[in-house]
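Asks: Residue numbers (my numbering), protein chains in the order written: chain A, 12 to 481; chain B, 718 to 903. Glycine included, C-beta positions come from ideal geometry on N, C-alpha and C. If you're wondering where the values come from, they're calculated on a predicted model, not measured in any experiment.
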């Protein structure tokens, strides 16, 4: 058999040899190594860098919570929202954070359905990122309603107040879309965690840990009679999450597109929002994965340079779709012949918010073009620097869409600028603290790489490994 | 002859260890052909094609989730459309409440369909797998801890009509299983 393989290999031309895929796990790491290394991140003594990082992020989180408490105690007027800019940083930040979540679901669901096996080493962390981003996003719509204690009026609960929801309002669609998205993402994430929690349970030495991880692993035994239902459930969840993730940002874009505000009332919004969300989300995945792998260096055998290269290509693709959408918006504003639409886009590009528009164009359309060059896709430092542009650019995009559009009402007497207050600024900075704190807790207490899926893509996981091909 | 668990408790079954997915796969084919019913193979990850090797059909979960999805869809239809259009017509911005406005109800119908389907998928899977549970006889065997790391196991349960300690032990050994062990309950 080995001789046969050798003769076949000799016949391959250089071009054909390139078709052979590079291994997903480098340095011939074994199953045992994968378990022990990834579990050791959870099992070892808490490293110093973790405490130092928490020392920065926890105060930021507390600042965020303090601002929110101040807002609830005083009123939503502590934010800079006012006429005519009634939606400002609150909705900008909401759309920013919810968009970031989309990359996690894309990796876990869409790349699963399309059988992209390289996703296995990044999906766990990306899904966790999704959840934490949605937590940060959820703060804003919940708090911007003003009287937070009445937020339950959003739910269709029979009550004595003569209130029933308007189900034809995009704002209510949004409530359902975002809450469904969060719930399904939690279910998907936890389902993926069960076999890995069992690994940690089986390795634990302390009784308390064994009990906690044992309960969380739900008694998983890894029998094939369990795996077959498990795999089916995972496939179904991926199938459900795929249209769900596309719907969530579409529904978010409906909040704008179904209005009659110039600059918002466009049919291009749903696909353009979804592409932008994936674009910004992948940038955030790389932003947190590159430092995580720099700290835990052996992870480079699992999250290889090939993974980074592929994610950069997705950023380049989605960034170009976003760029196309920007240009198409401009074209339609001119070609559509609606003077209000034209004025809105003229104002975006050349009005007092020109700097936000220019920042958006530069960060989202021009900066990612660097990823056409392999050097920039495979040098981790460059990748990390370049992906900061989409991170910033996607925030500016939402700011441009929301604040610049609203600042020019139909009547010039109602025009006005938006100025954030210190509460706006501190809350937004604080959400980064919250996001990072949750992520740090995640990598400390849960396996950040999906061990069982990585084992399943090793060559020896194939039940016909080493046998002659028929 | 090695045993695990409380020796005075009833026998759960006999288990053997295998070192790789390929050996486990071929062992499963042989046990299937020997006509056993109550047995299972255990692995750190799902093995492609193991369902056929064990002679099992497709999981029923997909059909159950379809019912869950229907439940979600009809919940949304009832929740939104019936009150808003018929019982207590809610007229916002002068928009009619007739059938032509149905598309505006679609997003929530879609979301609830997905939501209930996802719950059905996860909880259906857990129920079909007999989870969650706090303990199991197999956990009495120390070597079984490696099942979530890099070892592979076969267990034939004592409830199987063809089960007899002697023949099962010989079968597992002839298939190349090591550390063949009788597992007792607690």
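1) Scan the segment 208-236 of chain A for residues whose Cβ lies nearer than 8 angstroms to a Cβ of chain B and list them as they occur along the chain.
2) Against chain D, with Cβ distances strictly below 8 angstroms, would residue 754(B) count as a contact?
3) Just the C-alpha distance for residue 849(B) and residue 757(B), rounded to the nearest angstrom, thanks.
4) Using C-beta distances below 6 angstroms, list every residue in its chain close to residue 104(A), excluding the 5 sequence neighbours before and after it, in chain order.
5) Using C-beta distances below 8 angstroms, list every residue in its chain close to residue 210(A), excluding the 5 sequence neighbours before and after it, in chain order.
6) Can you find a CB in chain B that lies within less than 8 angstroms of the CB of residue 473(A)?
7) Residues of the segment 764-781 of chain B with a CB closer than 7 angstroms to any CB of chain A: list them in chain order, please.
8) Is there a Cβ from chain A that is less than 8 angstroms from the Cβ of residue 846(B)?
9) Along the chain, which unbroken stretches of the alpha helix (DSSP H) at least 4 residues long are found entirely within the segment 216-245 of chain A?
10) Along chain B, which residues have their Cβ under 8 angstroms away from the Cβ of residue 188(A)?
11) Counting C-beta neighbours from all protein chains within 10 Å, is the total for residue 62(A) 16 or more, i.e. buried, or is it exposed?
12) Taking only beta-carbon positions, decide if residue 859(B) is within less than 8 angstroms of chain A.
13) Checking the sheet assignment: what are the DSSP bridge partners for residue 756(B)?
14) Using the three-state DSSP reduction, which class does residue 57(A) fall into: helix, strand or coil?
15) From the DSSP output, read off the bridge partner residues of residue 1(A).
16) Express the C-alpha separation of residue 291(A) and residue 388(A) in angstroms, rounding to a whole number.
17) Residue range of the alpha helix (DSSP H) that residue 729(B) falls in?
18) Quick one, which residues of the segment 868-889 of chain B are near chain A if we go by CB-CB under 7 angstroms, in chain order?
19) Mind checking residue 828(B): buried by the 16 CB within 10 Å criterion, or exposed?
20) So, for residue 465(A): in the same chain, excluding its five sequence neighbours on each side, which residues have a beta-carbon less than 7 angstroms away from its beta-carbon?
21) What separation, rounded to the nearest whole angstrom, lies between the Cα atoms of residue 274(A) and residue 376(A)?
22) Can you grab the Cα-Cα spacing for the pair residue 893(B) / residue 740(B), in whole Å?
23) Which residues in the same chain as residue 414(A) place their Cβ atom closer than 6 angstroms to its Cβ, once the five residues preceding and following it in sequence are excluded?
24) With a threshold of 8 angstroms, are at least 3 pairs of Cβ atoms found where one atom belongs to the segment 255-270 of chain A and the other to the segment 176-193 of chain A?
25) Residue 850(B) touches chain A at which residues, Cβ-Cβ below 7 angstroms?
26) I need the DSSP call for residue 725(B), collapsed to helix, strand or coil.
27) Reducing DSSP to helix, strand and coil, say where residue 896(B) ends up.
28) Please report the distance separating the alpha-carbon of residue 901(B) from that of residue 240(A).
29) Tell me which residues of the segment 740-751 of chain B have at least one Cβ-Cβ distance to chain A shorter than 7 angstroms, keeping chain order.
30) Helix or strand or just coil, what does DSSP make of residue 719(B)?
31) State yes or no: is the beta carbon of residue 242(A) nearer than 8 angstroms to at least one beta carbon in chain B?
32) Please report the distance separating the alpha-carbon of residue 12(A) from that of residue 469(A).
33) Can you round the beta-carbon distance between residue 118(A) and residue 148(A) to whole angstroms, since I take them to be within the 8 angstroms contact cut?
34) For the segment 259-289 of chain A, list every residue whose C-beta sits within 8 angstroms of some C-beta in chain B, in sequence order.
35) Taking the alpha carbon of residue 785(B) as the point to measure from, which residue in 877(B), 840(B) and 763(B) has its own alpha carbon closest?
Replies: Answer, in terms of the structure:
1) Under the 8 angstroms Cβ criterion, the segment 208-236 of chain A contributes 209, 210, 212, 213, 214, 225, 226, 229, 230, 231, 232, 233, 234, 235 and 236.
2) Absence of chain D from the displayed structure is noted, the protein chains being A and B.
3) CA-CA distance, residue 849(B) to residue 757(B), rounds to 18 angstroms.
4) Closer than 6 angstroms at Cβ, skipping near neighbours: 151 and 439.
5) Closer than 8 angstroms at Cβ, skipping near neighbours: 46, 50, 458, 462 and 463.
6) Chain B has a Cβ within less than 8 angstroms of the Cβ of residue 473(A).
7) Residues 764, 765, 766, 767, 768, 771, 773, 776, 778 and 779.
8) At a cut-off of 8 angstroms, the C-beta of residue 846(B) has a neighbouring C-beta in chain A.
9) Runs of the alpha helix (DSSP H) lying entirely within the segment 216-245 of chain A, each at least 4 residues long, are 218-227 in chain order.
10) Proximity of chain B to residue 188(A) at the Cβ level (cut-off 8 angstroms) is accounted for by 824 and 828, in chain order.
11) The residue is exposed, with fewer than 16 neighbouring Cβ atoms inside 10 Å.
12) Closer than 8 angstroms: no.
13) Answer is 873(B), bridged to residue 756(B).
14) Three-state result, residue 57(A): coil.
15) Residue 1(A) lies beyond the residue range present for chain A, which begins at 12 and ends at 481; the question has no answer from this structure.
16) Pairing residue 388(A) with residue 291(A), the inter-Cα distance amounts to about 16 angstroms.
17) It is not in any alpha helix (DSSP H) - residue 729(B) instead sits in the beta strand (DSSP E) that spans 728-735.
18) Here the close residues number zero.
19) Buried: at least 16 other Cβ atoms inside 10 Å.
20) Leaving aside the five residues that flank residue 465(A) on each side, the residues in its chain whose CB is nearer than 7 angstroms to its CB run, in chain order, 36, 45, 131, 132 and 313.
21) Pairing residue 274(A) with residue 376(A), the inter-Cα distance amounts to about 19 angstroms.
22) Here the alpha carbon of residue 893(B) sits roughly 8 angstroms from the alpha carbon of residue 740(B).
23) Here the set comprises 96, 99 and 429.
24) Segments in contact, yes.
25) Chain A residues near residue 850(B): 230.
26) Looking at residue 725(B) - three-state DSSP - the assignment turns out to be coil, as it is neither helix nor strand.
27) Taken through DSSP and simplified to helix, strand or coil, residue 896(B) comes out as strand.
28) Whole-angstrom Cα-Cα distance: 27 angstroms.
29) Residues passing the 7 angstroms Cβ filter: 742.
30) The answer is strand: DSSP assigns residue 719(B) an E or B state.
31) Cβ-Cβ to chain B under 8 angstroms: yes for residue 242(A).
32) The predicted position of residue 12(A) is uncertain, since its pLDDT is 39 and thus under 50; a value taken from the coordinates is nonetheless stated next. When rounded, the distance between both Cα atoms is 21 angstroms.
33) Going by Cβ atoms, the distance from residue 118(A) to residue 148(A) rounds to 18 angstroms, so no, they are not a contact pair.
34) So the close ones are 262 and 265.
35) Cα-wise, what sits closest to residue 785(B) is 840(B).
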